[in-house]
Amino acid sequence: MATERLIAATPQTTDQEWAGPTLRPDSMDEYIGQADLLEKLEIAIEAAKARATGNVADGIARPHEPLEHVLLHGPPGLGKTTLAHVIAREMGTKLITTSGPALARGNDLVAALTRLQPGDVLFIDEIHRMPIAVEEFIYPAMEDFKIDVTVDTGMHARTVQIKCKPFTLIGATTRAGLLSAPLRSRFGITHHLRYYSRDDLRVILHRSCRVMGLLAVEEACLEAISARSRGTPRIANRLLRRVRDFAQVRAKGVVSESLVETALGLEGVDELGLDDLDRNYLRTIATVYDGGPVGLETVAATMNEDSGTLEDVVEPYLLQIGFLARTRRGRMLTRAAAEHLGIAWNPEREGEMLGG
Ligand code: ADE
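Numbers given in this note's numbering equal positions in the sequence shown, counted from 1, plus 22.
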């Protein structure tokens with residue numbers, strides 16, 4: 023079973039064990055990539071701050087109109103939590119963090135909301151996993167900064183309204199499609215985070231090297247790491263830490279291009295960031311099922327893997343880089359995947375894929 027993976031986009035226990043300096047940017051200035059989102063946020067933050075102090079045309083302060091609620095969606099590892107920290111810091115307010123699954127009952131939400139000071143940011147990670155009953159509590163809180171709580175039961179039941187301070191909700195989700203329309207429509211700013219370019223990842227790695235005290239690392243080394251990072255800063259930083267350890271123990275701390283290759287080769291990560299599980303999956307389709315089409319459950323059974331794991335953690339990246347096609351008749355290997363694996367490609371396949 024795939025448990026810990028060096029190239030997983032989701033947090034791994036090895037990340038939590040990392041006790042070194044934080045690699046997260048603290049401010050908008052330090053934040054790399056997602057330029058269109060940053061510009062939208064910079065404008066919204068500046069406007070909200072001016073409203074709070076009355077630094078607007080009519081000179082009237084409107085602290086009850088804080089930064090609008092923000093919904094961030096996109097694949098894991100792209101910095102949704104980091105952005106929430108940066109936004110709270112830029113606003114000069116506190117960040118309170120929770121998650122959809124942690125808000126099991128309405129009371130959990132009430133507890134979080136009543137802790138907020140004016141202008142604070144409430145971050146709800148995995149907001150798509152918030153129970154529907156809790157979701158209904160959040161609507162009046164988002165719209166009018168009040169919560170309707172039912173006290174007592176049976177014939178004594180009554181609704182009491184509790185006011186909370188004007189706040190900004192930042193919701194993060196990897197599955198925007200699972201959010202209900204009423205919830206989605208209550209966010210003023212909605213943005214899809216995209217995978218990072220290799221150039222952006224190189225700049226992020228540059229900064230991480232500085233923070234970790236790795237000096238004079240050549241651009242080619244950073245390029246080699248960013249190529250293996252699957253467009254994801256969390257993976258880039260994790261790979262960099264492995265390279266740093268390897269260099270420290272085997273090369274007196276000197277990072278070279280061949281060292282990067284050896285260090286990450288040892289971990290089974292190839293030049294496109296695929297690991298053993300990815301290659302195993304592709305090879306199973308290629309060799310056992312003649313390139314497909316084949317059903318996911320069938321591949322999973324052959325590999326003795328869980329089909330959910332394959333669907334959630336293996337297939338997305340392979341689909342994204344065009345190594346896998348999902349057709350009506352099942353999964354199929356593509357020509358690019360066959361070339362990467364060094365497997366002969368049958369041109370008739372192309373027609374089959376088009377035929378779906
Ligand atoms: N570290 C992780 N993500 C980052 C980003 N987007 N900008 C700067 N440093 C980062």
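Think of the CB as a built atom: it goes at the ideal place given N, C-alpha and C, for glycine as much as any other residue.
Values in this document were obtained by computation on a predicted structure and should not be read as measured data.
*asked:* Tell me which residues share the same chain as residue 39 and place their Cβ nearer than 7 Å to its Cβ, disregarding the 5 neighbours each side in the sequence.
replied: The count along the sequence shown starts at 1 and reaches residue 39 at position 17. At residue 39, the pLDDT of 47 sits below 50, so the modelled position is not reliable; the number obtained from the coordinates is stated separately. The answer is none, since no qualifying residue turns up.
Excluding the 5 residues flanking residue 88 on each side, which residues of the same chain have their C-beta closer than 6 Å to its C-beta? The sequence position of residue 88 within the sequence shown is 66, counting from 1. Cβ within range, chain order: 70, 141, 188, 190.
*asked:* Going by the DSSP bridge assignment, what does residue 167 pair with across the sheet?
replied: The residue you call residue 167 lines up with position 145 of the sequence shown. The partner list for residue 167 (beta bridge, DSSP) is empty, contrary to what the question assumes.
* Asked: Is DSSP giving residue 305 helix, strand or coil here?
  -> One-based indexing of the sequence shown puts residue 305 at position 283. The answer is helix: DSSP assigns residue 305 an H, G or I state.
On a Cα-Cα basis, can you pick out the residue from 352, 344, 339, 280 that is closest to residue 322? For this step, residue 322 is matched to residue 300 along the sequence shown. Selected option, being the one with the closest Cα: 352.
At the level of alpha carbons, what is the spacing between residue 366 and residue 312?
Here residue 366 refers to the residue found at position 344 of the sequence shown. Here residue 312 refers to the residue found at position 290 of the sequence shown. If I take the Cα positions, the gap works out to 11 Å.
Residues bridged to residue 183 [DSSP beta-bridge criterion]:
By one-based count along the sequence shown, residue 183 stands at place 161. Answer is 170, bridged to residue 183.
Requested in this report: Can you tell me which of 162, 287, 176, 86 puts its alpha carbon nearest to the alpha carbon of residue 139?
Outcome: Reading the sequence shown from its first residue, position 117 is the one you call residue 139. Per the Cα distances, 86.
- What residues come near the ligand ADE, if near means a beta carbon less than 6 Å from any of its heavy atoms? 45, 46, 47, 52, 53, 54, 55, 101, 104, 226, 229, 255
*asked:* Within a Cβ cutoff of 7 Å, which residues of the same chain sit near residue 173, ignoring the five residues on either side of it in sequence?
replied: Residue numbering aside, residue 173 sits at position 151 when the sequence shown is read from its first letter. 180, 182.
Subject >> For residue 121, the first and last residue of its enclosing beta strand (DSSP E) >> reply: Within the sequence shown, residue 121 is the residue found at index 99, counting from 1. Residue 121 -> beta strand (DSSP E) spans 117-121.
| field | Segment contact, 8 Å Cβ cut-off, at least three pairs: the stretch 160-167 with the stretch 56-67 | value | no
Straight-line CA distance for residue 283 to residue 246?
Residue 283 sits at position 261 when you count from the first residue of the sequence shown. Residue 246 sits at position 224 when you count from the first residue of the sequence shown. Whole-angstrom Cα-Cα distance: 8 Å.
*Can we say the stretch 301-319 touches the stretch 205-216, given the rule of at least three CB pairs closer than 8 Å?*
no
**Study point:** Opening and closing residue of the beta strand (DSSP E) in which residue 193 lies
**Key:** Mapped onto the sequence shown, residue 193 falls at position 171. Taken as a continuous stretch (DSSP letters only), the beta strand (DSSP E) holding residue 193 covers 190-195.
- Contacts around residue 91, its chain only, beta-carbon distance under 8 Å, and the 5 residues preceding and following it disregarded: Residue numbering aside, residue 91 sits at position 69 when the sequence shown is read from its first letter. Cβ within range, chain order: 164, 190, 191, 192, 193, 208, 209, 210, 211.
Q: Over the uninterrupted alpha helix (DSSP H) stretch that includes residue 406, give me the two end residues.
A: What the structure shows of the chain is the stretch from 23 to 378, and residue 406 is not part of that stretch, so it cannot be assessed.
Minimum C-alpha distance to residue 342 - residue among 184, 93, 295
Start at 1 with the first residue of the sequence shown, and residue 342 comes out as number 320. When each option's Cα is compared against that of residue 342, the closest is 295.
Residue 262, DSSP secondary structure in three states
As a position in the sequence shown, residue 262 is number 240, starting the count at 1. Residue 262: helix per DSSP, three-state reduction.
Nonlocal neighbours in the same chain, by C-beta distance under 6 Å from residue 76, ignoring five residues either side: Looking up residue 76 in the sequence shown gives position 54. If we look at residue 76 and ignore the five residues flanking it on each side, its Cβ neighbours are 82, 83.
Check your understanding: Among 49, 44, 231, 153, which has the Cα closest to the Cα of residue 131?
Key -> In the sequence shown, the residue the question calls residue 131 occupies position 109. Residue 131 has its Cα closest to that of 153, out of 49, 44, 231, 153.
Next on the checklist: What does the alpha-carbon distance come out to for the pair residue 320 and residue 48?
Outcome noted: Start at 1 with the first residue of the sequence shown, and residue 320 comes out as number 298. Start at 1 with the first residue of the sequence shown, and residue 48 comes out as number 26. The alpha-carbon atoms of residue 320 and residue 48 are separated by roughly 46 Å.
- Status (buried if at least 16 other CB within 10 Å, exposed otherwise) for residue 277: Working through the sequence shown from its first residue, we reach residue 277 at position 255. Looking at its Cβ environment, which holds 16 or more other Cβ atoms inside 10 Å, residue 277 is buried.
**Q.** Cβ shell of residue 230 (< 7 Å), same chain only, five flanking positions each side left out
**A.** Your numbering for residue 230 matches position 208 in the sequence shown. Correct list, in chain order: 45, 259, 262.
Quiz item: Relative to the C-alpha of residue 105, which residue among 300, 359, 56 is closest?
Solution: Reading the sequence shown from its first residue, position 83 is the one you call residue 105. Of the listed residues, the one whose Cα sits closest to residue 105 is 56.
**Study point:** CB of residue 201 within 8 Å of CB of residue 150, strictly
**Key:** Start at 1 with the first residue of the sequence shown, and residue 201 comes out as number 179. Start at 1 with the first residue of the sequence shown, and residue 150 comes out as number 128. Taking 8 Å as the Cβ cut-off, residue 201 and residue 150 qualify as a contacting pair.
Indicate the three-state DSSP secondary structure (helix, strand or coil) for residue 316 in the structure shown. Here residue 316 corresponds to residue number 294 of the sequence shown, with the count starting at 1. Reduced to three states, the DSSP call for residue 316 is strand.
Give the DSSP-derived three-state secondary structure of residue 362 in the structure shown.
Numbered from 1 along the sequence shown, position 340 holds the residue referred to as residue 362. Here residue 362 sits in helix by DSSP.
task = Return helix, strand or coil for residue 154, following the three-state DSSP convention.
result = Against the sequence shown, residue 154 aligns to sequence position 132. Residue state, collapsed to three classes: helix.
Query - Sub-8 Å separation of residue 317 and residue 354 beta-carbons - result: Here the question's residue 317 lines up with position 295 in the sequence shown. Here the question's residue 354 lines up with position 332 in the sequence shown. Not in contact: residue 317 and residue 354 (Cβ atoms no closer than 8 Å).
Where does residue 251 land, buried or exposed, given buried means 16+ other C-beta within 10 angstroms? Taking the first residue of the sequence shown as position 1, residue 251 is located at position 229. Label assigned to residue 251: buried.
Measuring straight from C-alpha to C-alpha, what distance separates residue 272 and residue 127? Taking the sequence shown and counting its residues from 1, one reaches residue 272 at position 250. Taking the sequence shown and counting its residues from 1, one reaches residue 127 at position 105. Cα to Cα, the separation comes out at about 52 Å.
*asked:* Just to confirm the assignment: which complete beta strand (DSSP E) runs, minimum length 3, are found wholly within the stretch 25-102?
replied: 92-95
Please state if the CB of residue 157 and the CB of residue 121 are separated by a distance shorter than 8 Å. To locate residue 121, count along the sequence shown from 1; it is residue 99. To locate residue 157, count along the sequence shown from 1; it is residue 135. No, Cβ-Cβ distance for residue 121 and residue 157 is not below 8 Å.
Check your understanding: Less than 8 Å separating the beta-carbons of residue 102 and residue 110?
Key -> Translated into positions along the sequence shown, residue 102 becomes position 80. Translated into positions along the sequence shown, residue 110 becomes position 88. No; because the gap between Cβ atoms is not below 8 Å, this pair is not in contact.
Practice problem: Please report the Cβ distance between residue 26 and residue 67, rounded to the nearest whole angstrom; I am assuming they are in contact, meaning their Cβ atoms lie under 8 Å. | Solution: Reading the sequence shown from its first residue, position 4 is the one you call residue 26. Reading the sequence shown from its first residue, position 45 is the one you call residue 67. About 37 Å; that fails the 8 Å criterion.
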